[in-house]
Amino acid sequence: MDALRPWGSLDWVLSHIDVSDWAVLGTVSVEDRSIATVSAMGAALTSARLFAIHDPDPLDPQEVLKKLTERKREFAQLGIKDDNSYVDTALMATLDDINTEVDALLKTGAANIVLDISAMPKRWFFAILKILSGDDRVKNLLVTYASPQSYGTVLAENPGPMVMLPGFAGDGAQDYHSIIIGIGFEPLGIANLLKELRLKRIRLLFPFPPGPPGYNRNWMFVKSIEDMTRTQSIEPPDRQSIHMFDCPHIFDALCEMTNSGKLGSVLAPYGPKSMSLAMCLFSLAIAQARRPLVPIYYSQPTRYSIDYSTGIRRDTAERPDIKAYIIKLFGNGLYQLPKSN
Amino acid sequence: MSSNPFFELYVGDRISSEEFVTVFSPFLVKHAEALFVPGNVVVTGMQGSGKSMLLSLLKPSVRVQYAKAREPFPVPPRLRRFIGAGVNLAHSNAVDFGYRKIPGDPAEVSILFGDFLNYAICLDVFESVQTFLKEGPQFADETGVRMDPEQRIELARSLSRDEVWSGYLESCNGLDEVISRMRDRISSYRRYLHMNDKEFDGSIRATKTAMGTPVSRLVELMKRLEILQENVNVFIHIDQYEELANLSTGSAAETDYRAVINRALATRDPLVSYRIGSRGYSWNGHGYVLGSGAKLEEERDYKFVNLDEKLRRNENVRTWIFPGFAADVFARRLNHSGFDISGKAGATLLGKLFGEGISSTEKARIYAGKNRQKAVRIEPSWPEPIRIWLTWLADSDPLSARLGEAWFLQKGVQGFDPSSTEQLPWETKQWWKKERIDVALAQIASRCQQRPLWSGEDDIIQLSGGNILTFLSLCQFVWDALLQVGEPRSERDALQRKVEDEIQAIGVMRASDHWLKKVSQETGRSGDRLRFVKTVGEMLSRDLLQDRKLSNPGHSGFSVAEEDLDQFPKLQLFLQELSDYGNLVQLSHTTKEKDRRSRQKWYLNPIFCPQFRLPFKRHKEPRYVRASDVNLWLLRALGKTSDPLTTDSERELPLFPHLGR
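Protein chains in written order, with the working numbering: chain E, 183 to 523; chain G, 13 to 673.
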């Protein structure tokens, strides 16, 4: 490990950075945890831009509206009263639209940004992270993730095809040394990807400790990947158990697995968001180092369950369990490829 | 015996070219010859229809493997003079056109999309030619492809001068530079679409090409230079066409990406033939051609090959090709797993392994168990001799007793003499009985709280619904159940003895459960499709099981008049999507009504039927309903209180309307 990449509870991280004016980019969501970061920021929060990200075809539009209105009221009680802080936007928005929204915040002079990915779809937070990482106006960048108390039985539905996430294309190659898959609940679309690409290895990042109810579903996921690849002329998938919240460790593991990007790889982030965050940062670090690009494939659901998650988990001290990761500190990106490479 | 030879269901999709040679069943080739003759073809077929396997034959790498394995290439010799190339729209960054707004009007964006495809296709043509050339001269004769250094130089020179590229290639020296320059262009698109470049490269805009023209010119040049012999056909496959329907940048005036590809078909280019892989719902009813008010016409602009239809059973069982296909695939899959079976032995083996199943009479006895009188419900108003006699009959033949119950309910008990029962009327009316046996059995199973049993070769084939993947999955689950009970079978005699019906039934039920759950993992509106299938399956099952008279044994499906459905275009599209994904089977049928209106009928995919205790055989008339009824079912399935298929604008959810969208 070459760099120190601090992470921990939001309180702890904030208390160790000498910055007092943070702006939050987050969501107004049906998920309770969408409010956690803003709620925990207290006086350190100076402004916010919160996205109501709408599915193209919600199952129960009225119930969504009801929940979002209630959530907006909760945010207002926390001091986010300016209507300009809230933005209605589409799940399948273009990169230009996402860029416009991020730019609107940066134009206000906000230089210290907290990106709350708790209830933000990957399509959005991957793109935002790319934009923020590459913008010199951003001096300090934190990513926060609040764990929920529980998840619904069905998280999302109507998955799209397995394609590259906006902003995370490869170089057009079809041959890669490996595909690195973050283990989640359902390997949607992975079969098509394994068919299209020519791969030597399949490597699985297994979130540890998994814990019920994810445990069984994680193992079913592993089994289905093993089943799919049993007859392929490819090495059997190997598995690396890794702390699901330890983003820096996952980032290092990705560097190690790919020899810092010298071995061409493809990423498929099905796992926990903190794992997906590491994948996103790794792909950005590769691009920054001008190594062969690492595409990130994902089958984007176009409908999220209204009960995707409920509640906000509490830590042992009964505080909201919010993890914070320092991505950029005083203008320096912390997630870069090891210098020795 | 420790492993399952049907372990890998999707082997056809993901095997290497080397393995393809042993696993591919050439059975379908003769039924899809249109793919290998000049002219445009649109091919549809759900996963498991064999579409991917057939289209793989266009890939040079697969052809090379046949030669290396010294196996005859499955395409008839008279049709082998071709090269294939193409793009998968989902995996080639083509769908990334929905990620950014390209400045310019939609018409220009359409042309740029075509330009992107042109370069991607031309690059793949070079790749295909290169694949053949690498294998040496033995391919030259069969494929009609050769290229010596002089031809190579001349090709590069001609390309760089050709005005079709608007000067984009003019600085290139040699073919490698041409290819590299083309790759740069694709890369430039990718960089912009993924926001690595903020601005769109102006030089591309100035040199954009018209859809289809560059590949046509490339082929023309290759033929003129005799790199391709004159009689070599060039087939360009464009797969996952349906994904283009979902591309949107949220602009008021959206680009019609499908019309761009349709433009290539509309030219009916004698030098290049297109193979479009699409789902029916995306293809049907569109057909608009870029830059023209016209629409594509089947048979004039393209042929339509629907593999699902070819494999589905029609009225005449003798013309049904699926059982032969399944038998061939069955044998090949076993061979792939290390058994030694000749291709023709597949059918015999299927019969040997799955047997004839359980007779209907025996099934009823099994369901009824020791208390067989449960199979029949006797009306207290019926005369005592009949009541006693029917009870007695249920003890020996519960199925006949149940049919008798229905007969009496339909026709009354008058004239029936229990003392003279040699010729039971319901047993002598062959069609009446045949049409009702399956529903009667389902009802007996339900009354006796038993799960219906499905077993035997015929059940396995019919439950597959003409889909080879479903068939293999049934084999897999049955084999798994066999392994699970630990029946001792050596590798040698693994195929020599029938799998017990009870074990088959367990496998069938698990396969059915697997396929139902799998619906939600597919693309499109899969969540809605699963809800609809469950709602309709439960409703049809409940009504059939409550039909004591057995008056409507055909009500395992429903029928809607076409002109009625035309009033509900969004529902129509949804039903077609259900059919395209194989969730429902959609069939045209003649009406029993005097109005003679043409109608469509829908049934659940046979593999779902065990889950809903529904018979999969389609007897008699389905339930006649109105399109508005089906819309209500959908409403109920989605738990909505208003019309589920409202316009998109009605679905928007402005939380902060004053800010606009």
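A virtual CB, placed ideally from N, CA and C, is assigned to each residue, including glycine.
Computed from a predicted model, the values in this text were never measured in an experiment.
Would you say the beta carbon of residue i is closer than 7 Å to some non-hydrogen atom of the ligand MN?
i, result
"E499/G", "With respect to the ligand MN, the structure shown offers nothing to examine, as it has no ligands at all."
Just tell me which of the options has its CA closest to the CA of residue i.
i, options, result
"R217/G", "S192/G, Y180/G and T279/G", "Y180/G"
"A457/G", "L481/G, G381/G and K652/G", "G381/G"
"L381/E", "P454/E, L449/E, L324/E and S197/E", "L449/E"
"S360/E", "E500/E, V220/E and S442/E", "S442/E"
"L362/G", "P335/G, R377/G and S349/G", "P335/G"
"N208/G", "Y486/E, S465/E and S267/E", "S465/E"
"Y379/G", "V637/G, W466/G, P397/G and G416/G", "W466/G"
"M65/G", "P88/G, F39/G and K80/G", "F39/G"
"Q442/G", "G424/G, S432/G and L415/G", "L415/G"
"R344/G", "F18/G, V35/G and I273/G", "V35/G"
DSSP three-state label for residue i, please.
i, result
"F570/G", "strand"
"A506/E", "strand"
"A450/E", "strand"
"I353/G", "coil"
"S170/G", "helix"
"E309/G", "coil"
"H348/G", "helix"
"E534/G", "coil"
"L616/G", "strand"
"Y486/E", "strand"
"G96/G", "strand"
"G349/E", "coil"
How many Å lie between residue i and residue j at the Cα?
i, j, result
"Q2/G", "S211/E", "The question about residue 2/G has no answer here: the residues shown for chain G are numbered 13 through 673."
"L616/G", "K510/E", "55 Å"
"K248/E", "S216/E", "15 Å"
"P118/G", "R90/G", "44 Å"
"N258/G", "R270/G", "10 Å"
"M521/G", "W527/G", "10 Å"
"V190/G", "L516/E", "41 Å"
"V345/E", "L277/E", "15 Å"
"E378/E", "K356/G", "32 Å"
"L47/G", "Y286/G", "9 Å"
"L365/G", "G468/G", "8 Å"
"L557/G", "M551/G", "10 Å"
"V137/G", "V227/G", "8 Å"
"T225/G", "S140/G", "19 Å"
"N347/G", "R203/G", "47 Å"
"S290/G", "H298/G", "12 Å"
"I480/G", "P369/E", "22 Å"
"I114/G", "I288/G", "26 Å"
"W491/G", "A406/G", "35 Å"
"L337/E", "I424/E", "23 Å"
Classify residue i as buried or exposed, calling it buried when 16 or more other Cβ atoms lie within 10 Å of its own Cβ.
i, result
"L186/E", "exposed"
"W194/E", "exposed"
"Q461/G", "exposed"
"E309/G", "exposed"
"A278/G", "buried"
"N185/G", "exposed"
"N595/G", "buried"
"P634/G", "buried"
"Y397/E", "exposed"
"P72/G", "buried"
"P330/E", "buried"
"F512/E", "exposed"
"D160/G", "exposed"
"L519/E", "buried"
"H198/E", "exposed"
Inset, instruction - Decide if the region 526-534 of chain G is in contact with the region 581-589 of chain G; the criterion is three or more beta carbon pairs, one per stretch, under 8 Å apart. - result: The region 526-534 of chain G, when compared against the region 581-589 of chain G, does not touch it at the 8 Å Cβ threshold.
Inset, instruction - Examine the Cβ distances between the region 603-612 of chain G and the region 561-575 of chain G and report whether three or more of them are shorter than 8 Å. - result: Contact between the region 603-612 of chain G and the region 561-575 of chain G is present: three or more C-beta pairs spanning the two stretches fall below 8 Å.
Legend entry - Cβ contact (3+ pairs, closer than 8 Å) linking the region 100-120 of chain G and the region 55-63 of chain G: With the cut-off at 8 Å, the region 100-120 of chain G and the region 55-63 of chain G do not touch.
Inset, instruction - Check whether the region 200-209 of chain E touches the region 238-246 of chain E, taking contact to mean three or more Cβ pairs, one atom from each stretch, closer than 8 Å. - result: In the pairwise beta carbon analysis, the region 200-209 of chain E is classified as not touching the region 238-246 of chain E: fewer than three pairs are separated by under 8 Å.
Legend entry - Three or more C-beta pairs below 8 Å linking the region 473-481 of chain E and the region 313-321 of chain E: With contact defined as three or more Cβ pairs closer than 8 Å, the region 473-481 of chain E and the region 313-321 of chain E are not in contact.
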